[in-house]
Every structure is written in structure tokens, then in C-alpha cells.
Amino acid sequence: MAARLRLLPGFSYFIRRIIPLIIVFALALGVTSILIYISGFSPPEVYWGLLDGGFGSLLRIGLTLNTTTPILFAGLGLILMFRCGVWNIGAEGQLYMGAVGAVIAGLFLTGIPGPLHLLLIAIASFVFGGIWGAIPAILKVKFKTNEIITSLMTVFIAWWFIVYAVRFPLHSPTAFIPVSEKIPFTARLPILPGSPAHAGILIALGLAVIVWFSLQRSTFGYRIKAIGINPDTALYGGIPVGKIMITSGILGGGLAGLAGMAQVSGIHYLLADYLSANYGWLAILVVFIGRLEPFRTVLVAILLGGLLSGSHSVQMSLGIDVTVVHVLVALIMLSLVLEPVIEKRLERLF
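Numbering (the working numbering), first residue to last: 419 to 768.
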């Protein structure tokens, strides 16, 4: 076996951490450039359109943050569950149920001052999402069922529940399409000054700090990580594995439920079956690229939000087909998955 190369600590860090990022971005640009060229467009023009469309002005940054917010909420919830070894992939369903909770609290808890009304909506969304997130965890702990399958099933149940709710019990009598009535102004998240972004992004960023602190500095976080590494050893060490797993399901589902609140109170102001543009599913990709770390997940979520916002701009300005743009975004995100692989290869040398 070849001897490992010895480098100065700073240069070694650059090789192991920065070089992999450069490689994966170069790979992404290379592959997507071929696709863009085959489609009859100029790669530099498309790349600039994506960048400018996502981050080119305060307006566009605001739209990017609005796209980022539900992905980040759901991603933070997934981090808690995945780090605990609960592979609950049902964030999309928890988002839907959180939206149901937000609309119910928004429409039926009236005559309340704005800040209190928003707090009650957040609690309702968290509770609805938390209950939905707890179901796969409880089934895993009590009956040893596969939480991947059960959480996937809960997504479809939540989806069809919303389809039913907006057509019957919550349907607005004045609407010609299946939606609920609009929530009052006291139930809406404030808009940030000079931007279309709503305050949900600030809540999500604050929760990212709390999740990081909980995982790194609290007994609860230590227990979550211990269970995720080896549940049998954690149980032998006196950690209540089942209880912590269920708790992680409740908390993770609750955070994903807040993504539903962000969509209801920050964007649409009503309940509809088009609230989520697959944000719960995209959150799974984001947390894995972020390596289940809150701050890395924030950065990846913002990047994905910018790419998604920029894709709409590119479609309108250049006339490029939306499916091609989505493939470009998917390839860029997929290339980031290769970062840890390249990093491990370099660690063997340095």
C-alpha cells in the first residue's frame, strides 16, 4: 500500500474538503453543458440565467427563500429522524397534515391578535405533522415494521385526505376549484421589508440553530446519535431507545408540519392539493447531500431553492423546455452526492 502523503494541516483540509466540491461542480457543469448544447442552447447563457433567476435581485432572492423555506423545515425534521435511525421518508405527508392544521387554526380560531394567532397556527401545524410523523416510528418500535414502507403509505393517505377536505368539509362555497376559504390576515406570516420573502425563512433558520445545538450540545442529541449508530449498544447503555425513536418521529414530523404552515400562512393563504411542489421529497435529497448536518442542509436548501427559482426564469427568458431545466437541476444536485465518495478517495492519499 502506498504511503499517505503528508501535507500541512491547512493544505490537507483544502485537499480533502474543497477539492471534492470543485470536482463535483466541474462534473455537473460538464455533463449539463452537453445536455444544454444538444438541446440547442448556449451553456453559459443557461447557467447565467439560472444564477440570475435565483439570486440576481432582491425580488429573486426573496422568491428563492420562499422556495427554500418548506424544504428546510422538512429537512430539519428528517435530520432528527434519520440521525436516530428512523428512516421516515414521509415528510411530504407531514407537510400536508401541517397545512391542514394551519388552515383549521386559521379559519376557526378567529378574533385573536396576529402574533398569538400565528403562534396557535404554528402549534397546530406542529401537532398535526408530529402525529403523522409519529405513526411510522410507533409501528417500528411496537411492531418492528419497516418505517420506509409505512411512512410512504402515510404520504398517500395525507394526500387523499387533503383531496377530500378541499372538496367537501373545507371547500370554499365561493370557489370554482377545490380549495378552502382564505385564512384571515392575522393568520398570515409577515413579509420581509423590500422582499417578497415571508418570515417563515427566519423561523426555519432559527430552528436550524436549535436543531444543531440539540444534536451537538444536549443529552437528547447524544442519545439520538447513539441510537443511530447502534441501537443495541444504546439500549445496553440505559438509553430508552423506543421512547427516543418515537420522540424523534414526533419532533421531526412536527418540523415538517411547519413546512405546511409556511405554504398556507406564507404563500397561498388557503388549503389546496397543489400546496407542495414535492418539497417533502426534495428535502430527502437535501439532507443527504447535507450529510444530515443542519448548517450544511441550510446551504444545500438555499442552493436548490435558487436553482428551482432560476429554472422558471430560464424557461421564460430563453424558451428552454421545462423538462430540460428540471433534468439540469437534477444532474447538478446528483453530482453533489458524489462529494463524499471523492472525499474518501482523497483521504486515503492525504
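Glycine included, each C-beta is placed from N, C-alpha and C at the ideal position.
Three or more beta-carbon pairs separated by less than 8 Å are not found between the region 661-674 and the region 582-595, which leaves the two stretches without contact. Within the model, the alpha-carbon separation for F443 versus L722 is close to 14 Å.
Pairwise C-beta distances place the region 713-732 in contact with the region 482-491, as three or more of them are shorter than 8 Å. Here A622 carries a helix assignment [DSSP, helix/strand/coil].
Given a length threshold of 4 residues, each whole run of the alpha helix (DSSP H) inside the region 668-724 is given here in chain order: 697-707. Along the region 469-495, the alpha helix (DSSP H) does not occur as any fully enclosed run of 4 or more residues. When the Cα atoms are used, S475 and R709 turn out to be separated by approximately 30 Å. Straight through space, the alpha carbons of V521 and P438 are spaced by roughly 44 Å. Bridge partners of V597 according to DSSP: A690.
Only residues of its own chain outside the window of five on either side were considered, and among them L494, L673 have a CB closer than 7 Å to the CB of L625, listed in chain order. Pairing A576 with G524 gives a Cβ-Cβ distance that is not under 8 Å. Proximity to I454 across A492, V742, E757 peaks at V742, based on C-alpha coordinates. Here the alpha carbons of S727 and L469 stand approximately 9 Å from one another. Across the structure, I738 and P488 are spaced so that their CA atoms are roughly 27 Å apart. Under the three-state reduction of DSSP output, I507 falls in the coil class, being neither helix nor strand. When secondary structure is reduced to three states using DSSP, I738 falls in the coil class, being assigned neither helix nor strand. The beta carbon of I556 lies closer than 8 Å to those of I664, G667 in the same chain, with the five residues before and after it left out. Under the three-state reduction of DSSP output, I530 falls in the coil class, being neither helix nor strand. About 5 Å separates the Cβ atoms of I707 and V718, confirming a contact at the 8 Å cut-off. Distances from the alpha-carbon of S694 to those of V559, V573, W466, G656 put V573 closest.
The region 460-467 makes no contact with the region 637-655, as fewer than three CB pairs between them are under 8 Å.
Collapsing the DSSP output to three states places I609 in a strand.
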